[in-house]
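First up is the structure itself, then whatever we jot down about it.
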Amino acid sequence: MEYQYIISQLPYSMPFLFVDSLEHVDEDGVTGSYTFSEDLHFYEGHFKSFPVTPGVLLTECCAQIGLVCLGIFLMRKDNSLRDTQVALSSSSMEFLLPIYPGETVTVKSEKIYFRFQKLKCKVYLYNEKEQLVCKGEIAGMLTCKGNE
Amino acid sequence: MPAEHYTRLQEIIKPYLPEDVTVEDIKEDSHFINELNINSANLVDIILDVEDAYDIVLENEDMENMQTVSDALAIINNKLEGKA
Numbered sequence: 001m002e003y004q005y006i007i008s009q010l011p012y013s014m015p016f017l018f019v020d021s022l023e024h025v026d027e028d029g030v031t032g033s034y035t036f037s038e039d040l041h042f043y044e045g046h047f048k049s050f051p052v053t054p055g056v057l058l059t060e061c062c063a064q065i066g067l068v069c070l071g072i073f074l075m076r077k078d079n080s081l082r083d084t085q086v087a088l089s090s091s092s093m094e095f096l097l098p099i100y101p102g103e104t105v106t107v108k109s110e111k112i113y114f115r116f117q118k119l120k121c122k123v124y125l126y127n128e129k130e131q132l133v134c135k136g137e138i139a140g141m142l143t144c145k146g147n148e
Numbered sequence: 001m002p003a004e005h006y007t008r009l010q011e012i013i014k015p016y017l018p019e020d021v022t023v024e025d026i027k028e029d030s031h032f033i034n035e036l037n038i039n040s041a042n043l044v045d046i047i048l049d050v051e052d053a054y055d056i057v058l059e060n061e062d063m064e065n066m067q068t069v070s071d072a073l074a075i076i077n078n079k080l081e082g083k084a
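Just so you know, the sequences run in chain order U and L.
For the first sequence, the positions run 1 to 148 when full-length UniProt numbering is used.
For the second sequence, the positions run 1 to 84 when full-length UniProt numbering is used.
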């Protein structure tokens with residue numbers, strides 16, 4: 001499956017798409033990256049005169065690359081023509097370093113399990129120096145549109 | 001139905017109960033989603049814990065049939081009999 005195709009199937013668009021490219025996808029995990037460009041509007045308020053990427057958006061980036069892209073890959077293998085939808089069910093994250101405007105991050109996910117439509121992954125987010133920025137576990141329920 | 005399975009299942013369910021539901025609320029006819037307020041994501045985790053606890057494997061149709069606590073007990077007994 002083409003990686004660009006997976007990105008095209010994501011249910012997000014600007015200003016809430018946090019995936020630029022995928023470097024690797026297989027049944028056990030995903031590696032992908034995203035650049036937090038300096039002109040993203042939330043930097044004006046997070047924080048006042050001290051822009052830092054909100055942890056909640058690092059979590060979202062981990063979820064979109066690590067969980068949703070993997071979910072689309074896994075669901076497409078079984079249901080070739082249906083749109084995948086994902087409902088986040090839990091996340092627990094630990095944050096170790098800040099990400100400033102303009103930084104490119106790389107997310108790696110490892111599948112813990114995919115059973116009964118629930119996908120649970122370990123996720124790791126690294127900065128350009130390959131330092132671990134945040135890590136955690138994210139899970140979601142996957143469904144196909146028109147498969148209810 | 002062996003009472004030990006019921007007690008064991010209660011212990012498996014306990015960590016997934018929302019704050020306003022206690023372990024005493026778990027009855028044999030309790031509906032996991034409608035009465036115990038367990039969401040479908042946590043129900044998957046309960047099933048995975050059941051598989052580990054009893055060393056059995058549940059299929060998609062078992063999940064669909066597992067609406068209440070007694071459904072779960074019946075599925076566990078079935079699987080254990082299939083193993084014996």
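Virtual Cβ for every residue (Gly too), placed ideally from N, Cα, C.
Remember, predicted model here, so these are calculated numbers, not experimental data.
- Item | Whether Q67/L touches F32/L by CB criterion (9 Å) | As a first step, residue 67/L must be located in the second sequence, where it is residue number 67. As a first step, residue 32/L must be located in the second sequence, where it is residue number 32. In this structure, F32/L lies closer than 9 Å to Q67/L by Cβ.
- Message: Can you tell me which residues form a DSSP beta bridge with M141/U?
- Response: For the purposes of this step, residue 141/U is taken as the residue at position 141 of the first sequence. M141/U pairs with A87/U and K118/U.
- Query: Got a sec: which bits of the segment 122-145 of chain U sit with their beta carbon under 7 Å from any beta carbon on chain L, in order along the chain?
  - Reply: A139 and M141
- Roughly how far, in whole angstroms, is the beta-carbon of D78/U from the beta-carbon of K145/U, given that I think they are within contact range, below 8 Å? The residue you call residue 78/U lines up with position 78 of the first sequence. The residue you call residue 145/U lines up with position 145 of the first sequence. 14 Å between Cβ atoms; not a contact.
- Message: So, with DSSP's three-state summary, where would you put K48/U?
- Response: Mapped onto the first sequence, residue 48/U falls at position 48. Coil at K48/U, not helix or strand.
- Given L25/U as reference, the closest of A87/U, E44/U, R115/U and Q4/U once Cα atoms are compared: Taking the first residue of the first sequence as 1, we reach residue 25/U at position 25. It should be noted that the sequence gives Val, not Leu, for residue 25/U. Measuring from the Cα of V25/U, the nearest candidate turns out to be Q4/U.
- Task: Would you mind stating whether Y16/L and D62/L have Cβ atoms separated by less than 9 Å?
- Result: Sequence index remark: in the second sequence, residue 16/L carries index 16 (1-based). Sequence index remark: in the second sequence, residue 62/L carries index 62 (1-based). The answer is no: Cβ separation not under 9 Å.
- Message: With a threshold of 9 Å between beta carbons, is V23/L in contact with chain U?
- Response: One-based indexing of the second sequence puts residue 23/L at position 23. No - not a single Cβ of chain U is within 9 Å of the one on V23/L.
- Own chain residues within Cβ distance below 8 Å of Y54/L, not counting five before or after: Position 54 of the second sequence, counted from the first residue, corresponds to residue 54/L. I76, K79 and L80.
- In whole angstroms, what is the alpha-carbon distance linking A139/U and I47/L? In the first sequence, counting from the first residue as 1, residue 139/U sits at position 139. In the second sequence, counting from the first residue as 1, residue 47/L sits at position 47. Cα to Cα, the separation comes out at about 15 Å.
- Query: For Y126/U, which of helix, strand or coil comes out of DSSP?
  - Reply: Translated into positions along the first sequence, residue 126/U becomes position 126. Strand, per DSSP.
- Message: Is Y16/L close to the ligand MG? I mean its beta-carbon at under 8 Å from any heavy atom of the ligand.
- Response: Judged by which ligands are present, the structure shown has none, so any question about the ligand MG falls away.
- Item | Start-to-end residues for the alpha helix (DSSP H) that takes in Y5/U | Residue numbering aside, residue 5/U sits at position 5 when the first sequence is read from its first letter. Note, Y5/U: alpha helix (DSSP H), Y3 to S8.
- Task: State the CB to CB distance for the pair G29/U and L70/U, rounded to an integer number of angstroms; the pair is presumed to be in contact (CB under 8 Å).
- Result: By one-based count along the first sequence, residue 29/U stands at place 29. By one-based count along the first sequence, residue 70/U stands at place 70. Confirmed, about 7 Å.
- Query: Would you report the Cα separation of R76/U and E27/U, rounded to the nearest angstrom?
  - Reply: The residue you call residue 76/U lines up with position 76 of the first sequence. The residue you call residue 27/U lines up with position 27 of the first sequence. Rounded to the nearest angstrom, the two C-alpha atoms are 11 Å apart.
- Task: Below 7 Å between beta carbons is the criterion; list the residues of the segment 58-83 of chain U that meet it against any residue of chain L, in chain order.
- Result: none
- Message: I'd like the span of the alpha helix (DSSP H) that includes D45/L, first residue to last.
- Response: Position 45 of the second sequence holds residue 45/L. D45/L -> alpha helix (DSSP H) spans S40 to Y54.
- Figure out for me which residue from E64/L, D29/L, L36/L and N60/L has the closest Cα to the Cα of D14/L. If you number the second sequence from 1, residue 14/L lands on position 14. Here the sequence assigns Lys to residue 14/L, which means Asp is not the residue at that position. Of the candidates E64/L, D29/L, L36/L and N60/L, the one whose C-alpha sits nearest the C-alpha of K14/L is L36/L.
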